[in-house]
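Chemist:
2 protein chains.
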Amino acid sequence: MYTIFSEEGRVAIVLSLEEGRNPSPKPSLDSLLALTGDDLDQVNQAILRRMESRVDLIPKLAGHIIAGGGKRIRPMLTLAATKLCGYAGQRHILLAACVEFIHTATLLHDDVVDESDLRRGNATANVLWGNEASVLVGDFLISRAFQIMVEDGSLEILRILANASAVIAEGEVLQLLTANDTATSEDTYMEVITAKTAALFSAACRIGAVVADRPKAEAEALDSFGRNLGIAFQLVDDALDYSARQATLGKSIGDDFKEGKITLPVVLAYRRGDATERAFWERTLARLEQVPEDLATALSLMERHGTLRDTIERARHYGAIARDALAFFPPGPVADALSETIDFCIHRAY
Amino acid sequence: MYTIFSEEGRVAIVLSLEEGRNPSPKPSLDSLLALTGDDLDQVNQAILRRMESRVDLIPKLAGHIIAGGGKRIRPMLTLAATKLCGYAGQRHILLAACVEFIHTATLLHDDVVDESDLRRGNATANVLWGNEASVLVGDFLISRAFQIMVEDGSLEILRILANASAVIAEGEVLQLLTANDTATSEDTYMEVITAKTAALFSAACRIGAVVADRPKAEAEALDSFGRNLGIAFQLVDDALDYSARQATLGKSIGDDFKEGKITLPVVLAYRRGDATERAFWERTLARLEQVPEDLATALSLMERHGTLRDTIERARHYGAIARDALAFFPPGPVADALSETIDFCIHRAY
Numbered sequence: 001m002y003t004i005f006s007e008e009g010r011v012a013i014v015l016s017l018e019e020g021r022n023p024s025p026k027p028s029l030d031s032l033l034a035l036t037g038d039d040l041d042q043v044n045q046a047i048l049r050r051m052e053s054r055v056d057l058i059p060k061l062a063g064h065i066i067a068g069g070g071k072r073i074r075p076m077l078t079l080a081a082t083k084l085c086g087y088a089g090q091r092h093i094l095l096a097a098c099v100e101f102i103h104t105a106t107l108l109h110d111d112v113v114d115e116s117d118l119r120r121g122n123a124t125a126n127v128l129w130g131n132e133a134s135v136l137v138g139d140f141l142i143s144r145a146f147q148i149m150v151e152d153g154s155l156e157i158l159r160i161l162a163n164a165s166a167v168i169a170e171g172e173v174l175q176l177l178t179a180n181d182t183a184t185s186e187d188t189y190m191e192v193i194t195a196k197t198a199a200l201f202s203a204a205c206r207i208g209a210v211v212a213d214r215p216k217a218e219a220e221a222l223d224s225f226g227r228n229l230g231i232a233f234q235l236v237d238d239a240l241d242y243s244a245r246q247a248t249l250g251k252s253i254g255d256d257f258k259e260g261k262i263t264l265p266v267v268l269a270y271r272r273g274d275a276t277e278r279a280f281w282e283r284t285l286a287r288l289e290q291v292p293e294d295l296a297t298a299l300s301l302m303e304r305h306g307t308l309r310d311t312i313e314r315a316r317h318y319g320a321i322a323r324d325a326l327a328f329f330p331p332g333p334v335a336d337a338l339s340e341t342i343d344f345c346i347h348r349a350y
Numbered sequence: 351m352y353t354i355f356s357e358e359g360r361v362a363i364v365l366s367l368e369e370g371r372n373p374s375p376k377p378s379l380d381s382l383l384a385l386t387g388d389d390l391d392q393v394n395q396a397i398l399r400r401m402e403s404r405v406d407l408i409p410k411l412a413g414h415i416i417a418g419g420g421k422r423i424r425p426m427l428t429l430a431a432t433k434l435c436g437y438a439g440q441r442h443i444l445l446a447a448c449v450e451f452i453h454t455a456t457l458l459h460d461d462v463v464d465e466s467d468l469r470r471g472n473a474t475a476n477v478l479w480g481n482e483a484s485v486l487v488g489d490f491l492i493s494r495a496f497q498i499m500v501e502d503g504s505l506e507i508l509r510i511l512a513n514a515s516a517v518i519a520e521g522e523v524l525q526l527l528t529a530n531d532t533a534t535s536e537d538t539y540m541e542v543i544t545a546k547t548a549a550l551f552s553a554a555c556r557i558g559a560v561v562a563d564r565p566k567a568e569a570e571a572l573d574s575f576g577r578n579l580g581i582a583f584q585l586v587d588d589a590l591d592y593s594a595r596q597a598t599l600g601k602s603i604g605d606d607f608k609e610g611k612i613t614l615p616v617v618l619a620y621r622r623g624d625a626t627e628r629a630f631w632e633r634t635l636a637r638l639e640q641v642p643e644d645l646a647t648a649l650s651l652m653e654r655h656g657t658l659r660d661t662i663e664r665a666r667h668y669g670a671i672a673r674d675a676l677a678f679f680p681p682g683p684v685a686d687a688l689s690e691t692i693d694f695c696i697h698r699a700y
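One line per chain: the protein sequences are A and B, in this order.
Anchor point for the first sequence: position 112 equals 112 in my numbering, and the numbering is continuous, going up by one each time.
Anchor point for the second sequence: position 327 equals 677 in my numbering, and the numbering is continuous, going up by one each time.
#1: Which residue comes first and which comes last in the alpha helix (DSSP H) that contains M652 of chain B?
#2: Taking 8 Å as the limit between beta carbons, can you name the residues of its chain near V500 of chain B, skipping five residues before and five after?
#3: Helix, strand or coil for A81 of chain A, going by three-state DSSP, please let me know.
#4: Buried or exposed for Q358 of chain A, please, with buried defined as at least 16 other CB atoms from any protein chain shown within 10 angstroms of its CB.
#5: Can you list, in chain order, the residues of the stretch 508 to 519 of chain B whose Cβ is nearer than 7 Å to any Cβ on chain A?
#6: Leaving out the 5 sequence neighbours to the left and right, which residues in its chain are closer than 8 Å to Y242 of chain A when beta-carbon positions are compared?
#7: Do A219 of chain A and V210 of chain A count as a contact pair if the criterion is CB distance below 8 Å?
#8: Would I662 of chain B pass as a contact of I692 of chain B if the rule is Cβ separation under 8 Å?
#9: Is the shortest distance between the beta-carbon of I557 of chain B and the beta-carbons of chain A less than 8 Å?
#10: Can you tell me whether H103 of chain A is buried or exposed, with buried defined as 16 or more other CB within 10 angstroms of its CB?
#11: Which residues in the same chain have their Cβ closer than 6 Å to the Cβ of E690 of chain B, if we skip the five residues on either side of it in sequence?
#12: Determine, using beta carbons only, whether L285 of chain A and G260 of chain A come nearer to each other than 8 Å.
#13: Could you tell me the distance, in whole angstroms, from the CA atom of F451 of chain B to the CA atom of Y270 of chain A?
#14: If A337 of chain A and L35 of chain A are in contact, beta carbons under 8 Å, what's the gap, nearest whole angstrom?
#15: Cβ-heavy atom distance between A675 of chain B and the ligand HEM below 7 Å?
#16: What does a CB cutoff of less than 8 Å around H109 of chain A pick up in its chain, not counting 5 residues either side in sequence?
#17: Assuming contact is defined by CB atoms lying nearer than 8 Å, are S549 of chain B and I498 of chain B in contact in what I supplied?
#18: Between the C-alpha atoms of Y189 of chain A and A646 of chain B, what's the straight-line distance to the nearest angstrom?
#19: Under three-state DSSP, which class holds P23 of chain A?
#20: I need the DSSP call for S593 of chain B, collapsed to helix, strand or coil.
#21: Check whether the Cβ atoms of A675 of chain B and F575 of chain B sit closer than 8 Å, and answer yes or no.
#22: According to the neighbour-count rule (16 or more other Cβ atoms, all chains shown, within 10 Å of its Cβ), is H667 of chain B buried or exposed?
#23: Confirm, please, whether the CB-CB distance from S515 of chain B to S165 of chain A is below 8 Å.
#24: Grab me the residues of I671 of chain B's own chain with a C-beta within less than 8 Å of its C-beta, minus the 5 sequence neighbours each way, in chain order.
#25: Counting contacts by CB-CB distance shorter than 8 Å, is I543 of chain B in contact with chain A?
#26: Since H109 of chain A meets chain B, which of its residues come closer than 8 Å, beta carbon to beta carbon?
#27: I want to verify the contact list: residues of chain B whose CB lies under 7 Å from the CB of V99 of chain A, in sequence order.
#28: Tell me the DSSP secondary structure of N472 of chain B in three-state form.
#29: Is G418 of chain B helix, strand or coil by DSSP?
#30: Answer with yes or no whether the minimum CB distance from E282 of chain A to chain B is below 8 Å.
#31: Which residues, in order along the stretch 493 to 507 of chain B, keep a beta-carbon less than 7 Å from a beta-carbon of chain A?
#32: Which residues mark the beginning and the end of the alpha helix (DSSP H) in which F257 of chain A is found?
#33: Among B:E402, B:D644 and B:Q440, which one has its Cα closest to the Cα of Q392 of chain B?
#34: Terminal residues of the continuous alpha helix (DSSP H) containing V210 of chain A?
#35: So, using beta-carbon positions, are T432 of chain B and G580 of chain B closer together than 8 Å?
#36: If the criterion is Cβ atoms closer than 8 Å, does the pair W479 of chain B and L407 of chain B meet it?
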């Protein structure tokens, strides 16, 4: 782990996620993409086709965010999960598109909630077309996802994704309530990310077993894989918001800090800090009274208490559970690619 | 029709909706309520039960708007439609709750979009808890509606309400695009209200036939009844926004005018006006450059061209179609109550 300084002071800690591990090829999504790429092309075409509307602004705005450089990790998980279950039909294409529509709707509503200006280096839809349009196009996409599921005809898949959708909304509300609350517990933080992020990861994976008509135990194994992967993914995301690696993502560093969002690196730093440090977190995150040097101070406190390192440690724990869930399935290239996806989510430095 | 003057000048036109008709008892929702009241109590209980969440803010915020004095006209339509179809089971209770959840979600998102401060005389949820919470609780309610529909288990009902939900979002986006556009045509206005309002009225009615397992022709008759009733309802709503009767609703007069919303009374006044009048509408509604006297001027222009009267005339036309759709069903107290609902929607002066 090393630290970058700018003229303003320390601005970022570079997390070395490989610390203490043997050097190995950097894990990536390449294997997953190689296995699902043909299907993913079809998913992308389905997305373009199904976001059409006689109201031009809808595909324009939705297309802006959908084409905005996302990794499509959630629909790829659906595609890989169906492959892992030996499915040979075509239903997974549209269902993977549904998963991406639900994800996109939450991004659109998140950007309104966060008043974000940038997502992956691009201006957000709410900046370009206003909050109103972002809210309504999000509503359209979620409704369109349900239309497609109805067309698919599986009540079980409708149940899984309707549940995920309700849980995501609950998680987002809970996150809103914890914002600026430095006393937020690690338990509550875990509840937030399990709901807002992991619920869709688990649903995306679980429907793979349902489409393939596999036994309940396989559906549950995929659910567990997805849920634990999603938790690990979000933990690392929250650590990266304080890491220099973010800069290459087009995201500015310290977005969560500026908003007073309470993520695990902060939860731990607050708990482990002394009275002076807690006063610092309360001023900067609860009262949002910030001066430019505060981010550097925040980073040094996180470094002092090892909270970024430990956030990644927590992610490793969930990654390990995800890997064991996967062990339920026979080994092979799909299981390997999903296993590498866990490593990627934990070690990502893109 | 007569006009009310205040110190600022003319402030409202009192629409006499009975003009040219024989005096008769004022139509109300009383008969509909008498027929569906017991069921509606159960619907209200189901709403309270089903909006529960481990995140307290969700039932609190949702409860604020759901308890905020709405007439429950949409769920009452579902209840009456099932009764008209001779249904004797219990499924209609939760389905009527779904309809109200979808409606409530659109209200929550509308208030964010319109930046409204008041709804039915109460502070809106976005003022009390912020736009963010309103967006997210709206998302929760729509997801919860789909969860309940999945539990009910009818793919046909899921299809009807998923379609309605997508069409509503399209209509809201289209309305956003017509805001401040004085050149909006009557056709486009009709497209907006058919989508944003009539789609849910028609779906609420149609599902009555589906629950009762009645033939397609009855589903279509109820769909037509609901759609035309919804159009009439919205036309009158848009006229009432320029009418003194609104004051008793806790709504201020001229909200649409202040926002530059282009409704039929304006569409017609713009088309029928001369160059000076069009310049007035462009200044006040397109550029939103308004002084306090402008609302009075707007009202006098609408009066000169009879645009409120003609908006109500258009509503009567759709009301007549709704009545003929209803004629498909055997006469009786339910058909009578639904027929009176048409009259109520056109003549309402509450």
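Here a beta-carbon is modelled for each residue, glycine too, at the ideal position from N, C-alpha and C.
These numbers come from a predicted model, not from an experiment.
Modeler: From the atom records:
#1: In the DSSP annotation of this structure, the continuous segment of the alpha helix (DSSP H) that includes M652 of chain B starts and ends at D644 to R654.
#2: The answer, listed in chain order, is L508.
#3: Judged by DSSP in its simplified three-state form, A81 of chain A adopts helix.
#4: Outside the displayed span of chain A (1 to 350) sits residue 358 of chain A, for which this structure offers no information.
#5: Within the stretch 508 to 519 of chain B, the qualifying residues are L508, R509, A512, N513, S515, A516 and A519.
#6: Counting only Cβ-Cβ distances below 8 Å, and skipping sequence neighbours, we find A12, I13, I253, G254, D256, F257, P265, A298, L299, M302 and L308.
#7: Yes, the Cβ-Cβ distance between V210 of chain A and A219 of chain A is below 8 Å.
#8: Their beta carbons are not under 8 Å apart, which means I662 of chain B does not touch I692 of chain B by this criterion.
#9: By this cut-off, I557 of chain B is not an interface position.
#10: The residue is buried, with at least 16 neighbouring Cβ atoms inside 10 Å.
#11: Taken in chain order, the residues that qualify are P377 and S381.
#12: Contact: yes.
#13: About 40 Å.
#14: Contact flag correct, Cβ pair sits at about 5 Å.
#15: Within the structure as shown, the ligand HEM is missing, as the structure has no ligands at all.
#16: Around H109 of chain A, the same chain offers S134, V135, G138 and E172 as residues with beta carbons nearer than 8 Å, after the five sequence neighbours per side are excluded.
#17: Per the sequence presented here, residue 549 of chain B reads as Ala, with Ser not at that position. No; because the gap between Cβ atoms is not below 8 Å, this pair is not in contact.
#18: Approximately 54 Å, taken between the alpha carbons.
#19: Confidence is the limiting factor: at P23 of chain A the pLDDT is only 49, short of 50, which leaves the residue's position unreliable, though a coordinate-based value still follows. Coil.
#20: S593 of chain B falls in the strand class under three-state DSSP.
#21: Yes.
#22: Residue environment analysis places H667 of chain B among the exposed positions, since fewer than 16 neighbouring C-beta atoms fall within 10 angstroms of its C-beta.
#23: It is not a contact, given that the beta carbons lie outside the stated cut-off.
#24: Contacts found: S574 and N578.
#25: Judged by the 8 Å Cβ criterion, I543 of chain B is not in contact with chain A.
#26: Those within 8 Å of H109 of chain A in chain B are V485, L486 and D489.
#27: Near V99 of chain A there are no residues of chain B at all, since even the closest Cβ is about 14 Å away, more than 7 Å.
#28: DSSP places N472 of chain B in strand when its eight states are reduced to three.
#29: Assigned with DSSP and collapsed to three states, G418 of chain B falls in coil, not helix or strand.
#30: Interface criterion not met: the Cβ of E282 of chain A is under 8 Å from no Cβ in chain B.
#31: Only S493, R494, F496, Q497, V500, G503 and L505 from the stretch 493 to 507 of chain B bring a Cβ to less than 7 Å from some Cβ of chain A.
#32: Its alpha helix (DSSP H) spans residues D255 to E259.
#33: The residue with the shortest Cα to Cα distance from Q392 of chain B is B:Q440.
#34: In the DSSP assignment, V210 of chain A falls within the unbroken alpha helix (DSSP H) covering A199 to V211.
#35: Taking 8 Å as the Cβ cut-off, T432 of chain B and G580 of chain B do not qualify as a contacting pair.
#36: Cβ atoms of W479 of chain B and L407 of chain B: closer than 8 Å.
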